[in-house]
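A.B. asks: Sharing a structure here in structure tokens format.
Structural data, given as structure tokens:
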């Protein structure tokens, strides 16, 4: 257990529905990242926050995806109008901004869109 | 384009044997290289980290090497155990905190 928690661990939804995932980082960590991982592949970067500010977004993050970190602590990732191609593991990681920062990953939320 | 390539994609070894996993990268600017272990259905966990000036780093039975000139790294696992069965992901950091992940090597250790 790295100290990063994600909820839910699994989500099954029908195409077209909206889903929201939550990530609780390690409490003193000021950076929070979202990644997507498909089977047999490494994680792909989606977006990251430094405190409340969303500093970078990947072009993978279509306009159906939105992430928030309103108080600089927990974060949510919402996917609107889900598509079957959204089926993946969504990983959250947190880190403390240092010269050799280490990202600590949560267990992930596995999404299946039917 | 920043890329990290790993080989082999999958590997099966017998318990107690050694193995070496390979990683080639074309990432710039380079900050550091890490090896992560990811158990099935779990998030990745960092094993080792090496900066540009470090050639080798050990963590128990795991030893990572880095050749920054050829942009290659390896992860050597000695005296493998059943619990080593996992995916091993090579991750290169650029611009301080952004990560580029390899596709991973899926290792299975059989009794």
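Chains as they are written, first to last, in the numbering used here: chain W, 1 to 114; chain F, 1001 to 1111. Just so it is clear, CB atoms sit at the ideal spot from N, CA and C, and this is done for glycine as well. The model shown is predicted, which means the values in this text are computed figures rather than measured ones.
Which chain W residues are close to residue 1089(F), counting only those with a beta carbon under 9 Å from its beta carbon?
C.D. replies: On the second chain, residue 1089(F) is found 89 positions in, with the first residue counted as 1. Residues of chain W passing the Cβ test: 42 and 43.
A.B. asks: Between the segment 29-45 of chain W and the segment 86-97 of chain W, do three or more beta carbon pairs fall short of 8 Å?
C.D. replies: yes
A.B. asks: Inspect the beta-carbon positions of residue 108(W) and residue 1089(F) and report whether they are closer than 8 Å.
C.D. replies: Walking along the first chain from the start, residue 108(W) turns up at place 108. Walking along the second chain from the start, residue 1089(F) turns up at place 89. No, Cβ-Cβ distance for residue 108(W) and residue 1089(F) is not below 8 Å.
A.B. asks: For residue 1024(F) and residue 1071(F), what's the separation of their Cα atoms in angstroms?
C.D. replies: Translated into the one-based positions of the second chain, residue 1024(F) becomes position 24. Translated into the one-based positions of the second chain, residue 1071(F) becomes position 71. Approximately 6 Å, taken between the alpha carbons.
A.B. asks: Quick check: the Cα distance between residue 1101(F) and residue 60(W), rounded to an integer number of angstroms?
C.D. replies: As a first step, residue 1101(F) is located in the second chain; it is residue number 101 there, counting from the start. As a first step, residue 60(W) is located in the first chain; it is residue number 60 there, counting from the start. The alpha-carbon atoms of residue 1101(F) and residue 60(W) are separated by roughly 15 Å.
A.B. asks: Check whether the segment 60-72 of chain W touches the segment 7-15 of chain W, taking contact to mean three or more Cβ pairs, one atom from each stretch, closer than 8 Å.
C.D. replies: no
A.B. asks: Looking at the C-beta of residue 1030(F), does it have a partner C-beta in chain W at a distance below 8 Å?
C.D. replies: The residue labelled residue 1030(F) in the question sits at position 30 within the second chain. Not one chain W Cβ lies under 8 Å of residue 1030(F).
A.B. asks: If you count every other CB in all the chains shown that lies within 10 Å of the CB of residue 89(W), and 16 or more means buried, which is it?
C.D. replies: Here the question's residue 89(W) lines up with position 89 in the first chain. Counting Cβ neighbours within 10 Å, residue 89(W) comes out buried, since at least 16 surround it.
A.B. asks: Using alpha carbons as the reference points, say which of 83(W), 11(W), 79(W) and 46(W) lies closest to residue 65(W).
C.D. replies: Within the first chain, the letter at position 65 stands for residue 65(W). Per the Cα distances, 79(W).
A.B. asks: Evaluate residue 6(W) with the Cβ neighbour count: other Cβ atoms within 10 Å of its Cβ, from every protein chain shown; 16 or more gives buried, anything less gives exposed.
C.D. replies: Along the first chain, one-based indexing puts residue 6(W) at 6. Buried is the call here.
A.B. asks: Helix, strand or coil: which one does DSSP assign to residue 1082(F)?
C.D. replies: In the second chain, residue 1082(F) corresponds to position 82, counting from 1. Residue 1082(F) falls in the helix class under three-state DSSP.
A.B. asks: Relative to the C-alpha of residue 76(W), which residue among 83(W), 37(W) and 67(W) is closest?
C.D. replies: Numbered from 1 along the first chain, position 76 holds the residue referred to as residue 76(W). Nearest of 83(W), 37(W) and 67(W) to residue 76(W), Cα basis: 67(W).
A.B. asks: Within 10 angstroms of its Cβ, does residue 119(W) collect 16 or more other Cβ (buried), or is it exposed?
C.D. replies: Here chain W comprises residues numbered 1 to 114, so residue 119(W) is not present and cannot be evaluated.
A.B. asks: Quick one: what does DSSP say residue 24(W) is sitting in, helix, strand or coil?
C.D. replies: Position 24 of the first chain, counted from the first residue, corresponds to residue 24(W). DSSP places residue 24(W) in strand when its eight states are reduced to three.
A.B. asks: With a cut-off of 8 Å on the beta carbons, I'd call residue 1066(F) and residue 1059(F) a contact; round off their distance for me.
C.D. replies: Taking the first residue of the second chain as position 1, residue 1066(F) is located at position 66. Taking the first residue of the second chain as position 1, residue 1059(F) is located at position 59. Beta-carbon to beta-carbon, residue 1066(F) and residue 1059(F) are separated by about 14 Å, too far to satisfy the 8 Å threshold.
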